[in-house]
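The UniProt record's numbering applies: residue 2 is where the sequence shown begins, and numbers increase by one. Glycine included, every Cβ here is placed at the ideal spot set by N, Cα and C. Bear in mind the structure is a predicted one, so any value in this text is a computation, not a measurement. Below is one structure, written out as structure tokens; comments come after it.
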Amino acid sequence: SANESPAGRQPTATYDSPFMKACRREPVPHTPVWFMRQAGRSLPEYRKVRAGVPMLESCMRPELVTEITLQPVRRHGVDAAIYFSDIVVPLKAIGLDLDIKPGVGPVVEEPIRTRADLARLRDLTPEDVSYVTEAIGLLTRELGPTPLIGFAGAPFTLASYLVEGGPSRTYENAKAMMYGDPELWADLLDRLADITAAFLKVQIEAGASAVQLFDSWVGALAPADYRRSVMPASVKVFEAVAGYGVPRIHFGVGTGELLKLMGDAGADVVGVDWRVPLDEAARRVGPGKALQGNLDPTVLFASTEVVETRTREVLDAAAGLEGHVFNLGHGVMPSIDPDALTRLVDYVHTRTAR
Ligand code: 1CP
Numbered sequence: 002s003a004n005e006s007p008a009g010r011q012p013t014a015t016y017d018s019p020f021m022k023a024c025r026r027e028p029v030p031h032t033p034v035w036f037m038r039q040a041g042r043s044l045p046e047y048r049k050v051r052a053g054v055p056m057l058e059s060c061m062r063p064e065l066v067t068e069i070t071l072q073p074v075r076r077h078g079v080d081a082a083i084y085f086s087d088i089v090v091p092l093k094a095i096g097l098d099l100d101i102k103p104g105v106g107p108v109v110e111e112p113i114r115t116r117a118d119l120a121r122l123r124d125l126t127p128e129d130v131s132y133v134t135e136a137i138g139l140l141t142r143e144l145g146p147t148p149l150i151g152f153a154g155a156p157f158t159l160a161s162y163l164v165e166g167g168p169s170r171t172y173e174n175a176k177a178m179m180y181g182d183p184e185l186w187a188d189l190l191d192r193l194a195d196i197t198a199a200f201l202k203v204q205i206e207a208g209a210s211a212v213q214l215f216d217s218w219v220g221a222l223a224p225a226d227y228r229r230s231v232m233p234a235s236v237k238v239f240e241a242v243a244g245y246g247v248p249r250i251h252f253g254v255g256t257g258e259l260l261k262l263m264g265d266a267g268a269d270v271v272g273v274d275w276r277v278p279l280d281e282a283a284r285r286v287g288p289g290k291a292l293q294g295n296l297d298p299t300v301l302f303a304s305t306e307v308v309e310t311r312t313r314e315v316l317d318a319a320a321g322l323e324g325h326v327f328n329l330g331h332g333v334m335p336s337i338d339p340d341a342l343t344r345l346v347d348y349v350h351t352r353t354a355r
């Protein structure tokens, strides 16, 4: 229709929003802000609607997903919504026996350790995740011009849960497979790349304006191992969705040494944690990419004055960037005062108004 943008099915007002412009490295009226894990336990309204509903079940109820996704947009006035889900949802959807245990995270009943185990990773079809298509349809109607970010876990981070069987600090089983049986590892990551690509396509076709690929734990790898054992699968995911023209964001924790490679994997926007200042990150990433980040989430436990000083430092470091999306360096912590987040959004908007 006349009010749809050339680059997809989204309304022109969404296409022209500050978040979308920053991702495309175009001039913006103010620096856009959103927060990883902006929906979730920091919000009392989230705890209320989630009461008694297990995490994975909540991801499969379109009305609940819609409500939870909208909560931080209403409360904080952030410039983008992120689809409420979890990185293990597509793995559950293809029939893996896994659960998200409160206080633990994703737990896989039978870890993937052998070639025979790969047979359990079948392709994902849109019908497997029809609740996602339905929820995104509801959401894009409610959101108006505010863009919706779809997301998925990247092959390495998904593999870390599948091979370990749950959260890990050392990734010993996953890395043992990567170093010790590179062919099995490559085949595992390739299978996960196909599943991830299919899952992102579902979200884009349903109306997501941008996508973020979370490789949260890939900072555990040396650059040479990233290049050899992970990058091909991430490249495959990004290539699979390149044709839609939606911005592709790529983020991981502790990835200072990998920023260039993660950009080269096919990201339009490179997410940076709090360990590398954004001006230095821009030098590492090179031209042609926007950056996202990177206030240390724990700064929000300090006074408003300290939050403002530290935010100014982030904005000053971002002053020369081609495009900047303000975010935390990782997710919002559950115990944070949500008012500190609302004040932070206002502060960034006011401070960067042009
Ligand atoms: O019952 C609950 O409330 C469980 C807590 C919870 C929540 C709210 C989990 C379990 N996942 C989520 C939602 C979630 N997961 C979102 C919310 C969307 C938003 O931002 O509003 C997102 C983006 C994710 C993605 C996710 N899940 C990542 C990548 C992002 C990141 O933080 O790096 C990862 C690594 C996971 C795994 C996961 N799921 C849940 C937990 C506690 C964990 C981490 C476990 C670990 O330490 O390995």
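L122 sits in coil when the DSSP states are folded into three classes, being neither helix nor strand. Taking C-beta atoms as the reference points, L322 and V333 fail to come closer than 8 Å.
In this model, A94 and A199 are separated by some 12 Å (Cα to Cα).
By the Cβ criterion, the segment 324-332 is in contact with the segment 262-277, since at least three pairs of Cβ atoms, one from each stretch, lie closer than 8 Å.
When beta bridges are read from the DSSP output, K102 appears opposite G106. Distances taken from the Cβ of T299 to the heavy atoms of the ligand 1CP include none shorter than 7 Å. Taking the Cα positions, G154 is about 10 Å away from H251. Taking a contact to require three or more Cβ pairs closer than 8 Å, the segment 132-140 and the segment 45-63 qualify as touching. Membership of L57 in the alpha helix (DSSP H) is indicated by the continuous run M56 to C60. Boundaries cannot be given for A81, as no beta strand (DSSP E) includes it and DSSP labels it neither H nor E. Sorting E173, A40, Y84 and D195 by C-alpha distance to the C-alpha of D124 places D195 at the top.
The Cβ neighbour count for A52, taken over all protein chains shown within 10 Å, is under 16; the residue is labelled exposed. Separation of the CB atoms of A268 and R249 is rounded to 5 Å, and the pair is thereby assigned contact status at 8 Å. When D265, T299, V315 and L149 are compared, the shortest CA-CA separation from D280 is found for V315. Annotated three-state conformation of I137 is helix, per DSSP. For L260, the enclosing alpha helix (DSSP H) covers residues L260 to D265.
No heavy atom of the ligand 1CP is found nearer than 7 Å to the CB of T67. At a Cβ-Cβ threshold of 8 Å, M56 and D87 count as neighbours. Taken through DSSP and simplified to helix, strand or coil, Q39 comes out as coil.
Excluding the 5 residues flanking it on each side, L99 has same chain C-beta neighbours closer than 7 Å at V89, L92, K93, P107, V108, V109 and E110, in chain order. With respect to G287, G255 sits apart: the two C-beta atoms are not nearer than 8 Å. Within a 10 Å sphere around the beta-carbon of R48 sit fewer than 16 other beta-carbons, which makes this residue exposed.
Proximity of the beta carbon of Q39 to the ligand 1CP is indicated: a heavy atom of the ligand is located closer than 7 Å. Straight-line spacing of the CA atoms in A175 and D347 works out to 42 Å. Per DSSP, reduced to three states, the secondary structure at V308 is helical. Within the DSSP secondary-structure output, N295 pairs in a beta bridge with N328. D118 and P103 have their C-alpha atoms roughly 26 Å apart. Three or more pairs of CB atoms, one per stretch, sit closer than 8 Å, so the segment 214-224 contacts the segment 145-162. Nearest Cα to R76 within the set V54, I337 and Q39: Q39. Sixteen is the threshold: since fewer than 16 other Cβ atoms of the shown chains lie within 10 Å of the Cβ of A354, the residue is exposed.
At least one heavy atom of the ligand 1CP lies closer than 7 Å to the C-beta of D87. The beta carbon of D340 is closer than 8 Å to none in its chain, skipping five residues each way along the sequence. Taking a C-beta distance under 8 Å as the contact criterion, V212 and I150 qualify as a contact pair. The secondary-structure analysis by DSSP pairs L149 across a beta bridge with A82.
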